[in-house]
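K.L.:
Residue numbers (the numbering used here), protein chains in the order written: chain A, 1 to 182; chain B, 1001 to 1479.
Glycine included, C-beta positions come from ideal geometry on N, C-alpha and C.
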Amino acid sequence: MIEQTVMTDNDIIRRCQAGDREAFRTVVEKYQNILYGTAYLMTGNRTAAEDHVQEAFLSAWKGIGNFRSGYPLKPWLVRILVNKVLSYQRANAIPMISLDTEFFADPAGDDPAEEIAQRDQLRRVMQRLSTEQRQVVLLRYFAGLSLAETAAALRRPQGTVKSQTSRALELLKDLIEEDNKK
Amino acid sequence: MKDEKNNSDNMENKAQKFFQKRAESFKPGKDLWSKLEPRLDEKQKLTEPAGRKERFWRWLAGPRLVAITSSVGVLVILATAGSIWLTNNNTANQNTSSSIDRAAIQHGLGISANYGIYNTQGTIVPVPTTTFAGAFPATMPVTTTTQITLGAINSAGSSYSWGDNLVNNTTATGKQVISQASVSLNVSNVSTALNQVETMAQNLGGSVDNMNSSGAQNQQQANVTIRVPANQFLTALNQLQGMGTVVNQNINSQDVTQQYIDLQAQLTSAQLEEQSLQAILAKATTVSDEIAIQDQLTQVIAQVENLQGQINYMQNQVAMSTITVNLNTPQVSTGQAPSGTLTVAVGNVDNTIASVKQLISGVNGIVNASTVSFDNGKESAYLSLQVYTANFDQVMSALGKKGKIEQKTVQESGTSQLIPAQQSNNPPDASIYLTLTEPTSFWTAAHITIIAAGALILVVLIIILAIAGRAGLLRKKTA
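1. Could one say the Cβ of residue 1025(B) lies closer than 9 angstroms to chain A's Cβ atoms, at least one of them?
2. As a quick exercise: from 131(A), 149(A), 140(A), pick the residue whose alpha carbon is nearest that of residue 1020(B).
3. For the alpha helix (DSSP H) holding residue 1384(B), just list the boundary residues, first then last.
4. Can you check the region 1241-1307 of chain B for any beta strand (DSSP E) of at least 3 residues that lies completely inside it and give the ranges in chain order?
5. Just checking my contact of residue 84(A) with residue 55(A) at CB under 8 angstroms: how many whole Å lie between their CB atoms?
6. For a contact meaning CB atoms closer than 7 angstroms, what does residue 1022(B) contact in chain A?
7. Judging by CA-CA distance, which residue of 1007(B), 1384(B), 1248(B), 1359(B) is the nearest neighbour of residue 1402(B)?
8. Below 9 angstroms between beta carbons: does that hold for residue 1222(B) and residue 1327(B)?
9. Taking just the CA atoms, how far does residue 1301(B) sit from residue 1183(B)?
10. Given a threshold of 16 other Cβ atoms within 10 Å of its Cβ, counted over all protein chains shown, does residue 1014(B) qualify as buried or as exposed?
11. Can you find at least 3 beta carbon pairs, one from the region 1190-1210 of chain B and one from the region 1291-1299 of chain B, that sit closer than 8 angstroms?
12. Along chain A, which residues have their Cβ under 9 angstroms away from the Cβ of residue 1032(B)?
13. Step through the CB atoms of chain A and report whether any lies within less than 9 angstroms of the CB of residue 1065(B).
14. One question on the structure: do residue 1229(B) and residue 1314(B) come within less than 9 angstroms of each other, judged by their Cβ atoms?
15. Quick check on residue 1275(B): buried or exposed, where buried means 16 or more other Cβ atoms within 10 Å of its Cβ?
16. With C-beta atoms as the reference, is residue 1179(B) less than 9 angstroms away from residue 1220(B)?
17. Identify each residue in the region 148-181 of chain A for which the Cβ-Cβ distance to at least one residue of chain B is less than 9 angstroms, and report them in chain order.
18. Assign residue 1343(B) to buried or exposed, taking buried as 16 or more other Cβ atoms, counted over all protein chains shown, within 10 Å of its Cβ.
19. With 9 angstroms as the threshold, decide whether the Cβ of residue 113(A) is near any Cβ in chain B.
20. Taking the straight line between their C-alpha atoms, what separation do you get for residue 53(A) and residue 19(A)?
21. Mapping the DSSP letters down to three states, classify residue 1214(B) as helix, strand or coil.
22. In its own chain, which residues sit with a C-beta less than 6 angstroms from the C-beta of residue 1345(B), not counting the 5 before and 5 after it?
23. Can you find at least 3 beta carbon pairs, one from the region 1032-1043 of chain B and one from the region 58-65 of chain A, that sit closer than 8 angstroms?
24. Between residue 135(A) and residue 78(A), is the Cβ-Cβ spacing less than 9 angstroms?
25. Nearest to residue 128(A) by alpha carbon, out of 66(A), 174(A), 153(A)?
26. How many angstroms separate the CA atom of residue 1310(B) from the CA atom of residue 1252(B)?
27. Just verifying my parser: in three-state terms, what is the DSSP assignment at residue 90(A)?
28. Could you name the residues of chain A that residue 1056(B) contacts, counting a contact when the two beta carbons are closer than 7 angstroms?
29. Interface residues of chain A around residue 1029(B) at Cβ under 7 angstroms?
30. Could you tell me whether any Cβ in chain A is nearer than 9 angstroms to the Cβ of residue 1053(B)?
31. For a quick check, are the C-beta atoms of residue 33(A) and residue 1018(B) less than 9 angstroms apart?
32. Which runs of the alpha helix (DSSP H) spanning at least 4 residues fall entirely within the region 143-176 of chain A, listed in chain order?
33. For residue 1242(B), tell me which candidate among 1340(B), 1278(B), 1385(B) has the shortest Cα-Cα distance.
34. Please confirm whether residue 27(A) and residue 1032(B) have their CB atoms less than 9 angstroms apart.
35. Can you name, in chain order, every residue of its own chain whose Cβ lies under 8 angstroms from the Cβ of residue 1007(B), other than the five neighbours on each side?
36. Determine the closest residue to residue 165(A) out of 75(A), 148(A), 43(A), with distance taken between C-alpha atoms.
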């Protein structure tokens, strides 16, 4: 199943590299939610998150010619996005936004109650973590990147990412287990 | 160990499940692609990390900014205070190099010069070479090896504003000026006045050279010659005026620069001759040669001593001014013209001099002498005026209105016989001795400089803070 996805991605990448916009549209539609969620959880701001996602896709489109086929697309896109967000936050001295109730309440405006409740739970979970732990958890489990991919995206040593992840999981253990039992 | 790893893997799976279940609930706006597609062709504007400029501002913001600006501020204030201190310490300390520096700085001297200064003994005290930015005033030619002293006066007779109370002394071009004055005073008690003159001369660092008095108790008169340091010349005259009514006063400045230079040249030449004769004498082989050379040498040595004596005398005359004071008990005689002394504090001395000259020429009077001096940054002027007796009261009153009267003495005419101003064949006979001073004000240039510097620093600080604030650099970072 996974191999098939990679193969499919490879096809799409080749078409994108040939300048096929429709192929790129497929990429955008496939990964926009995960990129948006990551950006949103990093910035806490819908507009900023959307802007970052757009910029990340634009960079991907410009740089897709250099993408080496055979590699998965998602970590590459997430890495571009994380770079965008972190660079922007560094350049503008924007602090990591606190995960307060208000911004988690209604990010899309017209979500079902269950989704709102899930996001609220996510907020409570994330609140327990430090900025570094939040970023690690976000990329590892939310965006689904591997340990190496997460370390590369955050430009941190793998050992650091690993220890930050396990400390974060230790903190979140009860909440996650409780939720998984449901 | 194995259990631990399983446990950890298990926890990772659970976490993955937990987060990915929620990942799908985050959705961007519905038409992301429609916004994105038109931009695929545009030149991408990347949100690059902070540029060099931005990084600099971020580095500067916060405590660093405050530390740097306050250090700069403190330095500026110290520098200003230092220069003001030098400015204010010049007068009393004429014979030091700092007064030279201060004077030079005040004049914006733009040369590297070897400065020297004449002390009270008339000997040149060298001052280390100092370089100043700026340009020398056009009226004061100075070469790189010129020795200067404070208290220079130019050929027009007005002193350079070097912050000292000066009338004579050597000038920027090494000018040697001998100042002399004679003052006739009417005093109520000649003996008391004699004592006052003597005390004054000693207080000013001078001495009494000659003194004689004659006459009965109420007809007594005395002549006294005092020597005061050149830089105290005007002070001495001012003080003398306060001891009685000035009947007559003459100030004479004699420029002896040329004679001085000639004497120096002759001395150098004679000294060289003396040296060569000594050398020849040492090599003389016959007694007759020795006698001949010895004769010549004796003459040359006498010449050297003579020249040295003349130079010493001249230096002494330059360094110490001579004032001859004539003291009389007042005698009101018929036909004597009135005279008055007046000291007025005015806002602007230069302007007032101009208007006084205008006033005097308007009544066909004469301005005998006009001397401007600077003391501790304060300008003052001394004017000796002659007007017709008919205009005396009117002129005295007009002069009094030029500013605030600080001292006024009038000796009335002994008769009602007045010479009309129109009779130009008779010279004006009533004397007025006018001193113009600037009032001491709290708002000196020094204060204004300090306040202006402070305000400037404040404005710069506010601008920097405003720029930093706009760039969002002062926001408190929160984790």
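P.N.:
According to the structure shown:
1. Here residue 1025(B) refers to the residue found at position 25 when the second sequence is read from its first residue. By this cut-off, residue 1025(B) is an interface position.
2. Taking the first residue of the second sequence as 1, we reach residue 1020(B) at position 20. The shortest C-alpha separation from residue 1020(B) is found at 140(A).
3. The count along the second sequence starts at 1 and reaches residue 1384(B) at position 384. Looking at the DSSP string, residue 1384(B) is not in any alpha helix (DSSP H); the run it does join, the beta strand (DSSP E), is 1378-1387.
4. 1245-1255
5. Translated into the one-based positions of the first sequence, residue 84(A) becomes position 84. Translated into the one-based positions of the first sequence, residue 55(A) becomes position 55. About 5 angstroms; that satisfies the 8 angstroms criterion.
6. The count along the second sequence starts at 1 and reaches residue 1022(B) at position 22. Near residue 1022(B) (Cβ distances below 7 angstroms), the residues of chain A are 118, 119, 122.
7. The count along the second sequence starts at 1 and reaches residue 1402(B) at position 402. Of 1007(B), 1384(B), 1248(B), 1359(B), the residue nearest in Cα terms is 1359(B).
8. As a first step, residue 1222(B) is located in the second sequence; it is residue number 222 there, counting from the start. As a first step, residue 1327(B) is located in the second sequence; it is residue number 327 there, counting from the start. In contact: residue 1222(B) and residue 1327(B) (Cβ atoms closer than 9 angstroms).
9. Your numbering for residue 1183(B) matches position 183 in the second sequence. Your numbering for residue 1301(B) matches position 301 in the second sequence. Each residue's alpha carbon lies about 41 angstroms from the other.
10. Working through the second sequence from its first residue, we reach residue 1014(B) at position 14. With 16 or more other Cβ atoms within 10 Å, it is buried.
11. no
12. For the purposes of this step, residue 1032(B) is taken as residue 32 along the second sequence, with counting starting at 1. Correct list: 28, 29, 32, 36, 50, 53, 54, 57.
13. Here the question's residue 1065(B) lines up with position 65 in the second sequence. Not closer than 9 angstroms to any Cβ of chain A, the Cβ of residue 1065(B) fails to qualify, so no.
14. Your numbering for residue 1229(B) matches position 229 in the second sequence. Your numbering for residue 1314(B) matches position 314 in the second sequence. No; because the gap between Cβ atoms is not below 9 angstroms, this pair is not in contact.
15. For the purposes of this step, residue 1275(B) is identified with residue 275 of the second sequence, where counting begins at 1. By the 10 Å Cβ count, residue 1275(B) comes out exposed.
16. Mapped onto the second sequence, residue 1179(B) falls at position 179. Mapped onto the second sequence, residue 1220(B) falls at position 220. Taking 9 angstroms as the Cβ cut-off, residue 1179(B) and residue 1220(B) do not qualify as a contacting pair.
17. 165, 166, 168, 169, 170, 172, 173, 175, 176, 177, 179, 180
18. Here residue 1343(B) corresponds to residue number 343 of the second sequence, with the count starting at 1. So residue 1343(B) ends up on the buried side.
19. Translated into positions along the first sequence, residue 113(A) becomes position 113. Judged by the 9 angstroms Cβ criterion, residue 113(A) is not in contact with chain B.
20. As a first step, residue 53(A) must be located in the first sequence, where it is residue number 53. As a first step, residue 19(A) must be located in the first sequence, where it is residue number 19. Straight-line Cα distance between these residues: approximately 20 angstroms.
21. Translated into the one-based positions of the second sequence, residue 1214(B) becomes position 214. The answer is strand: DSSP assigns residue 1214(B) an E or B state.
22. Here residue 1345(B) refers to the residue found at position 345 when the second sequence is read from its first residue. For residue 1345(B), where only same-chain residues beyond five positions count, the Cβ hits under 6 angstroms are 1403, 1404, 1406, 1437, 1439.
23. yes
24. For the purposes of this step, residue 135(A) is identified with residue 135 of the first sequence, where counting begins at 1. For the purposes of this step, residue 78(A) is identified with residue 78 of the first sequence, where counting begins at 1. No.
25. Walking along the first sequence from the start, residue 128(A) turns up at place 128. The shortest Cα separation from residue 128(A) among 66(A), 174(A), 153(A) belongs to 174(A).
26. Against the second sequence, residue 1310(B) aligns to sequence position 310. Against the second sequence, residue 1252(B) aligns to sequence position 252. One Cα belongs to residue 1310(B), the other to residue 1252(B), and the distance between them is close to 21 angstroms.
27. Numbered from 1 along the first sequence, position 90 holds the residue referred to as residue 90(A). Judged by DSSP in its simplified three-state form, residue 90(A) adopts helix.
28. As a first step, residue 1056(B) must be located in the second sequence, where it is residue number 56. The premise fails here: residue 1056(B) is roughly 13 angstroms from chain A at the closest Cβ pair, so nothing lies under 7 angstroms.
29. Locating residue 1029(B) in the second sequence gives position 29, where the first residue counts as 1. Correct list: 50.
30. Within the second sequence, the letter at position 53 stands for residue 1053(B). By this cut-off, residue 1053(B) is not an interface position.
31. Start at 1 with the first residue of the first sequence, and residue 33(A) comes out as number 33. Start at 1 with the first residue of the second sequence, and residue 1018(B) comes out as number 18. It is not a contact, given that the beta carbons lie outside the stated cut-off.
32. Listed in chain order, the complete alpha helix (DSSP H) runs (minimum 4 residues) inside the region 143-176 of chain A are 147-154.
33. As a position in the second sequence, residue 1242(B) is number 242, starting the count at 1. Ranking the options by Cα distance to residue 1242(B), first place goes to 1340(B).
34. Numbered from 1 along the first sequence, position 27 holds the residue referred to as residue 27(A). Numbered from 1 along the second sequence, position 32 holds the residue referred to as residue 1032(B). Not in contact: residue 27(A) and residue 1032(B) (Cβ atoms no closer than 9 angstroms).
35. To locate residue 1007(B), count along the second sequence from 1; it is residue 7. No residues qualify anywhere along the chain.
36. Taking the first sequence and counting its residues from 1, the one referred to as residue 165(A) is at position 165. Comparing Cα-Cα distances from residue 165(A) to each of 75(A), 148(A), 43(A), the minimum goes to 148(A).
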